[in-house]
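Enquirer:
Number of protein chains: 2
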Amino acid sequence: MMKTDSLLIRNVVLDGRKRNLLVQDGRFVCLDAADGAEAERVVDASGCAILPAFYNTHTHAAMTLLRGYADDMPLHKWLQEYVWPFEDKMTSADIRRGSELAVREMIATGTVFFNDMYFDVDETVAAVNAAGIRAAIGVTMMDNHPKVLRQEKSRMVENWRDAGSVSLTVAPHSVYTAGRETLEFAARLARENGKLIHIHLSETQKEVADCVRDFGATPVRYLDSIGLLGPDVIAAHCIHVDREEWDILAERGVTVSHCPCSNMKLGSGRFPYELAIASGVRITLGTDGCSSNNNLDMREEMKFAALLAKLPGDTSLLPADLVFRWATRNGAEAFGYDAGEISEGKLADAVIIDLSNPKMTPCHNLVSNWVYSADSSCIKYVLCNGKIVSDDGR
Amino acid sequence: MMKTDSLLIRNVVLDGRKRNLLVQDGRFVCLDAADGAEAERVVDASGCAILPAFYNTHTHAAMTLLRGYADDMPLHKWLQEYVWPFEDKMTSADIRRGSELAVREMIATGTVFFNDMYFDVDETVAAVNAAGIRAAIGVTMMDNHPKVLRQEKSRMVENWRDAGSVSLTVAPHSVYTAGRETLEFAARLARENGKLIHIHLSETQKEVADCVRDFGATPVRYLDSIGLLGPDVIAAHCIHVDREEWDILAERGVTVSHCPCSNMKLGSGRFPYELAIASGVRITLGTDGCSSNNNLDMREEMKFAALLAKLPGDTSLLPADLVFRWATRNGAEAFGYDAGEISEGKLADAVIIDLSNPKMTPCHNLVSNWVYSADSSCIKYVLCNGKIVSDDGR
Chain G
1 MMKTDSLLIR
11 NVVLDGRKRN
21 LLVQDGRFVC
31 LDAADGAEAE
41 RVVDASGCAI
51 LPAFYNTHTH
61 AAMTLLRGYA
71 DDMPLHKWLQ
81 EYVWPFEDKM
91 TSADIRRGSE
101 LAVREMIATG
111 TVFFNDMYFD
121 VDETVAAVNA
131 AGIRAAIGVT
141 MMDNHPKVLR
151 QEKSRMVENW
161 RDAGSVSLTV
171 APHSVYTAGR
181 ETLEFAARLA
191 RENGKLIHIH
201 LSETQKEVAD
211 CVRDFGATPV
221 RYLDSIGLLG
231 PDVIAAHCIH
241 VDREEWDILA
251 ERGVTVSHCP
261 CSNMKLGSGR
271 FPYELAIASG
281 VRITLGTDGC
291 SSNNNLDMRE
301 EMKFAALLAK
311 LPGDTSLLPA
321 DLVFRWATRN
331 GAEAFGYDAG
341 EISEGKLADA
351 VIIDLSNPKM
361 TPCHNLVSNW
371 VYSADSSCIK
381 YVLCNGKIVS
391 DDGR
Chain W
1 MMKTDSLLIR
11 NVVLDGRKRN
21 LLVQDGRFVC
31 LDAADGAEAE
41 RVVDASGCAI
51 LPAFYNTHTH
61 AAMTLLRGYA
71 DDMPLHKWLQ
81 EYVWPFEDKM
91 TSADIRRGSE
101 LAVREMIATG
111 TVFFNDMYFD
121 VDETVAAVNA
131 AGIRAAIGVT
141 MMDNHPKVLR
151 QEKSRMVENW
161 RDAGSVSLTV
171 APHSVYTAGR
181 ETLEFAARLA
191 RENGKLIHIH
201 LSETQKEVAD
211 CVRDFGATPV
221 RYLDSIGLLG
231 PDVIAAHCIH
241 VDREEWDILA
251 ERGVTVSHCP
261 CSNMKLGSGR
271 FPYELAIASG
281 VRITLGTDGC
291 SSNNNLDMRE
301 EMKFAALLAK
311 LPGDTSLLPA
321 DLVFRWATRN
331 GAEAFGYDAG
341 EISEGKLADA
351 VIIDLSNPKM
361 TPCHNLVSNW
371 VYSADSSCIK
381 YVLCNGKIVS
391 DDGR
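In structure tokens, the structure reads:
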């Protein structure tokens, strides 16, 4: 008897051979279904391969509205003369439109989850739930931004019930925008409410120098000294982090979100791949916002990471299968999703890729083609929670 | 009266406003045609913008066959254990298939010209002419490769008549694979026959060190001392080039092909953008072959260049409009094509981009979106010589 909420994906290539995959109630339940198997919906994926979908672990979704608004200028001028004045004028309706646009782009490029930090989070939550993907959305805490009031955020977190496929995080912005009292408040609030913490960390040399000057320690050591670091922390960027600090991050179980395009475009510096990988820290991948990237395309982000790692000369550093894991399974695991692999029992979050696209031809190595050669034109279907959220870009 | 070989592109955005463009005999003849204008073919480009197409100035087209075949390993092992043995087994039919695949990918990603260097060039020439795009194809000269025999190549160049939209170049591979006699022969052959010279130059530190050891000069100075450098030379890579050498390249009028993805993936080093731009040398963009990239997508190449330039901290270096010029007009000019701009009298080589694609939305700055955000899914039509060579990817 045919079950509701079921999907049969016929003739799709998985691990090098053609199979029929059965999805039930959002999970893969059988990877070798019979040709005659039935399901509520059946798609023929002949000529296609299936891979896990992307988990984007650091972005500011509604900043799609600033895509191409101000490029190629020094950070200070960019923020003070362009980004902040633009943001000051953004209404809730703008945040909604920007979030909807972000979700459309993410789905079209194979991303089914994002970890966000911005303003008017209700609007972003609504956009995510309407589209049927997943997100963790941060309530931003900053001491010096007119849009952010800590008390309000406290009430929001305390009253929050994770809505649909969205969970809430506590997001103290950074050590240079949130004072010690705010950071301690954020840590307490997150832990009392069982929420993750999302923070920018050691993104620029200036951030590190100012933190040493003001607090007598580097950002990682400073946050560790006040008890903020732990396995519930997602730290974005982590460029200017020394060997001993990587050990601290590893010991505390922090998850790092690496954002190579943003780091390059803003001249922040090269992520220390050698130290980061050696430390054993869980590394994930993020696009950052569209004002410093300028897209939300995790496929492109994988290629930037894998190539930037190799630039100084070690061509074996960060091979395709490792950066692919950062962009998929590691991100899923950091946010507690039982996903990131195409296997029985896992959540059915996946991309189905057209192998006849010239960029996927020939196919000596599927993951290599996906990381180094593909683009979103290769994507035929995107699945989140067992539902087809994109069918040929629609 | 309607003329043959004419095309009317209606309602396309050019320089910020909607227009009708008339193309006749391969060239733009009117950028403000009347709504009632007629042409042999009419396309409605409502909701789209038009930009110049790409000129890829350094590649090895048939190496599409090696896409994803060997990644993430040291250069020496990669070449000796993987690339060269693979190439040894390639037949003429393989070169044809690899070239056809390359041409398909290039057209799908907005490229209408490429500068090639490989083996069995007749096969690549045939693939280009069948597809209706343009190429300059090099007769490779190496002293140490079994596939290359100098005498044969000499006969080929001397007997050559540029076929269709393909011109022939003389391609001494590099200073480390072609001895002084071969280099001098190549220069003489090219100049006697009015052909361009295509060569790899200063790609790795080892190439520079070996050249100094063997010939007492760096590759640029060595080539200059034997009279090879001139305005007819396209030099690929040029990473390890000092300030004085940039002045030499500028004085001789050499065109440089910058290939950021390949340089990063092979750990060759960062192109010295600061020196190169300051020298006034004509800089163009190339993808290199698919075994070290692993695609032929010039849009992605522009983003890699613009971001790699900024990595050390100068966020104003290589803005979007400059890298876009490298990838389009500079390449066209280097090969003598009166193209690279959408203006009356210029060759009608163009991409027509769907502005409703999320990656192109909003459109504060068209060129910024194209460089930093787009991918080939945004391309609606590709024109070469006034003909539509790709219509929605077909």
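The listed protein sequences correspond, in order, to chains G and W. Residue 58 in the numbering used here sits at position 58 of the first sequence; the count goes up by one each step and never skips. Residue 226 in the numbering used here sits at position 226 of the second sequence; the count goes up by one each step and never skips. Virtual Cβ for every residue (Gly too), placed ideally from N, Cα, C. All of these numbers come straight from a predicted model, not from anything done at the bench.
If you reduce the DSSP assignment to three classes, tell me which class Phe335/G lands in.
Expert: Walking along the first sequence from the start, residue 335/G turns up at place 335. Three-state result, Phe335/G: coil.
Enquirer: Give me the Cβ distance between Ala171/W and Ile199/W, rounded to the nearest whole Å; I'm assuming they're in contact under 8 Å.
Expert: Along the second sequence, read from residue 1 onward, the residue named residue 171/W stands at position 171. Along the second sequence, read from residue 1 onward, the residue named residue 199/W stands at position 199. Between Ile199/W and Ala171/W the Cβ distance is about 7 Å, and since that is below 8 Å, they are a contact.
Enquirer: Could you please tell me which residues of the region 315-346 of chain W, in chain order, have their CB closer than 7 Å to any CB of chain C?
Expert: The chain inventory of the structure shown lacks chain C, comprising the protein chains G and W.
Enquirer: Would you tell me roughly how many angstroms separate the C-alpha atoms of His240/W and Ile234/W, rounded to the nearest one?
Expert: On the second sequence, position 240 is the one that residue 240/W refers to. On the second sequence, position 234 is the one that residue 234/W refers to. The alpha-carbon atoms of His240/W and Ile234/W are separated by roughly 16 Å.
Enquirer: Quick one: what does DSSP say Ala171/W is sitting in, helix, strand or coil?
Expert: Here the question's residue 171/W lines up with position 171 in the second sequence. Strand at Ala171/W.
Enquirer: Kindly identify the DSSP beta-bridge partner or partners of Ser257/W.
Expert: Residue 257/W sits at position 257 when you count from the first residue of the second sequence. DSSP output for Ser257/W lists Ala236/W, Thr284/W as bridge partner(s).
Enquirer: Quick one: which chain W residues come within Cβ less than 9 Å of Cys261/G?
Expert: By one-based count along the first sequence, residue 261/G stands at place 261. Those are Lys303, Leu307, Tyr372, listed as they occur along chain W.
Enquirer: Unbroken beta strand (DSSP E) runs of length 3 or more, entirely within the region 25-93 of chain G: which are they?
Expert: The region 25-93 of chain G contains these whole beta strand (DSSP E) runs: 27-30, 41-44, 48-52, 54-59.
Enquirer: My guess is that Ile107/W and Ser390/W are in contact by the Cβ rule of under 8 Å, so how many angstroms apart are they, rounded?
Expert: As a working note, residue 107/W is residue 107 in the second sequence. As a working note, residue 390/W is residue 390 in the second sequence. Rounded, the Cβ-Cβ distance is 5 Å, consistent with contact.
Enquirer: When the Cα of Ala276/W is compared with those of Cys238/W, Thr287/W, Asn293/W, which residue comes out closest?
Expert: Taking the first residue of the second sequence as 1, we reach residue 276/W at position 276. The shortest C-alpha separation from Ala276/W is found at Cys238/W.
Enquirer: Between the region 56-69 of chain G and chain W, which residues of the former have a C-beta closer than 7 Å to a C-beta of the latter?
Expert: Answer set for the region 56-69 of chain G: Leu65, Arg67, Gly68, Tyr69.
Enquirer: Does the Cβ of Thr59/W have 16 or more other Cβ atoms within 10 Å, making it buried, or fewer, making it exposed?
Expert: Taking the second sequence and counting its residues from 1, the one referred to as residue 59/W is at position 59. By the 10 Å Cβ count, Thr59/W comes out buried.
Enquirer: Could you tell me whether the Cβ of Pro312/W comes closer than 8 Å to any Cβ of chain G?
Expert: For the purposes of this step, residue 312/W is identified with residue 312 of the second sequence, where counting begins at 1. Taking Cβ atoms only, chain G reaches closer than 8 Å to Pro312/W, which makes this a yes.
Enquirer: Leaving out the 5 sequence neighbours to the left and right, which residues in its chain are closer than 7 Å to Tyr273/W when beta-carbon positions are compared?
Expert: Against the second sequence, residue 273/W aligns to sequence position 273. Cβ within range, chain order: Ala309, Leu317, Leu318.
Enquirer: Specify the secondary structure class of Cys378/W as computed by DSSP and reduced to three states.
Expert: Along the second sequence, read from residue 1 onward, the residue named residue 378/W stands at position 378. Three-state DSSP puts Cys378/W in a helix.
Enquirer: Just to confirm my understanding: we take Lys265/G, look at its own chain, exclude 5 residues before and 5 after, and list those with CB closer than 6 Å. What are they?
Expert: Start at 1 with the first residue of the first sequence, and residue 265/G comes out as number 265. So the qualifying residues of the chain are Ser292.
Enquirer: Are at least three pairs of beta-carbons, each pair with one atom in the region 104-119 of chain G and one in the region 295-303 of chain G, less than 8 Å apart?
Expert: In short, these stretches touch, since the Cβ pair count reaches three.
Enquirer: Return the Cβ separation of Glu301/G and Lys359/W in integer angstroms, given the expectation that the two are a contact with Cβ distance under 8 Å.
Expert: The residue given as residue 301/G occupies position 301 in the first sequence. The residue given as residue 359/W occupies position 359 in the second sequence. At roughly 14 Å, the Cβ-Cβ gap does not stay under 8 Å, so Glu301/G and Lys359/W are not in contact.
Enquirer: How far does the alpha helix (DSSP H) with Thr124/W in it reach, from first residue to last?
Expert: As a first step, residue 124/W must be located in the second sequence, where it is residue number 124. Counting along the chain, the alpha helix (DSSP H) containing Thr124/W begins and ends at 121-131.
Enquirer: Pick out whichever of Ala339/W, Leu383/W, Val175/W has its Cα sitting closest to the Cα of Asn144/W.
Expert: As a working note, residue 144/W is residue 144 in the second sequence. Nearest option by C-alpha distance: Val175/W.
Enquirer: Within the same chain, show all residues whose beta-carbon is closer than 8 Å to that of Val23/G, passing over the 5 residues directly before and after it, in chain order.
Expert: In the first sequence, counting from the first residue as 1, residue 23/G sits at position 23. Result list for Val23/G: Ser6, Leu7, Leu8, Ile9, Val29, Ala39, Ala348, Leu383, Gly386, in chain order.
Enquirer: Output, in chain order, the set of chain G residues within a Cβ distance shorter than 9 Å of Leu101/W.
Expert: For the purposes of this step, residue 101/W is taken as the residue at position 101 of the second sequence. Near Leu101/W (Cβ distances below 9 Å), the residues of chain G are Pro358, Thr361, Pro362.
Enquirer: Would Asn193/W be called buried (16 or more neighbouring beta carbons within 10 Å of its own) or exposed?
Expert: As a working note, residue 193/W is residue 193 in the second sequence. Asn193/W should be labelled exposed.
Enquirer: Thinking just about the alpha-carbon of each residue, which of Asp338/G, Ala339/G, Asp354/G, Thr284/G is nearest to the one in Leu322/G?
Expert: Counting from 1 along the first sequence, the entry for residue 322/G is found at position 322. Nearest C-alpha to Leu322/G: Thr284/G.
Enquirer: Pull out every residue of the region 192-215 of chain G whose Cβ sits closer than 8 Å to any Cβ of chain W, in chain order.
Expert: Here the close residues number zero.
Enquirer: What is the rounded straight-line gap between the Cα of Phe215/G and the Cα of Thr4/G?
Expert: To locate residue 215/G, count along the first sequence from 1; it is residue 215. To locate residue 4/G, count along the first sequence from 1; it is residue 4. In a straight line, the C-alpha of Phe215/G is about 58 Å away from that of Thr4/G.
Enquirer: Would you grab the beta carbon distance between Ala61/W and Tyr118/W for me? Rounded to a whole angstrom, and I think it's under 8 Å.
Expert: On the second sequence, residue 61/W is found 61 positions in, with the first residue counted as 1. On the second sequence, residue 118/W is found 118 positions in, with the first residue counted as 1. Ala61/W to Tyr118/W, Cβ: 7 Å. Contact.
Enquirer: By the 10 Å Cβ neighbour count, where 16 or more other Cβ atoms means buried, how is Asp232/G classified, buried or exposed?
Expert: What you label residue 232/G is simply residue 232 of the first sequence in a count that begins at 1. When all chains shown are included, Asp232/G counts as buried.
Enquirer: Helix or strand or just coil, what does DSSP make of Lys303/W?
Expert: Stepping through the second sequence from its first residue, residue 303/W is reached at position 303. Helix at Lys303/W.
Enquirer: For a contact meaning CB atoms closer than 7 Å, what does Ser397/W contact in chain G?
Expert: Outside the displayed span of chain W (1 to 394) sits residue 397/W, for which this structure offers no information.
Enquirer: So, with DSSP's three-state summary, where would you put Thr328/G?
Expert: The count along the first sequence starts at 1 and reaches residue 328/G at position 328. Thr328/G: helix per DSSP, three-state reduction.
Enquirer: Are at least three pairs of beta-carbons, each pair with one atom in the region 49-58 of chain G and one in the region 336-354 of chain G, less than 8 Å apart?
Expert: Taking 8 Å as the limit for Cβ pairs, the verdict is that the region 336-354 of chain G does touch the region 49-58 of chain G.
Enquirer: Would you list the one or two residues that DSSP bridges to Gly446/W?
Expert: No answer is possible for residue 446/W: it lies beyond the span of chain W, which begins at 1 and ends at 394.
Enquirer: Considering only their Cβ atoms, is the gap separating Trp370/W from Phe304/W smaller than 8 Å?
Expert: Taking the second sequence and counting its residues from 1, one reaches residue 304/W at position 304. Taking the second sequence and counting its residues from 1, one reaches residue 370/W at position 370. It is not a contact, given that the beta carbons lie outside the stated cut-off.
Enquirer: Who are the Cβ neighbours of Ala186/W in its own chain at under 6 Å, not counting the five residues just before and after it?
Expert: One-based indexing of the second sequence puts residue 186/W at position 186. Met141, Val170, Pro172.
Enquirer: Got a sec, what are the start and stop residues for the beta strand (DSSP E) Lys387/W sits in?
Expert: Within the second sequence, residue 387/W is the residue found at index 387, counting from 1. 387-391 is the extent of the beta strand (DSSP E) around Lys387/W.
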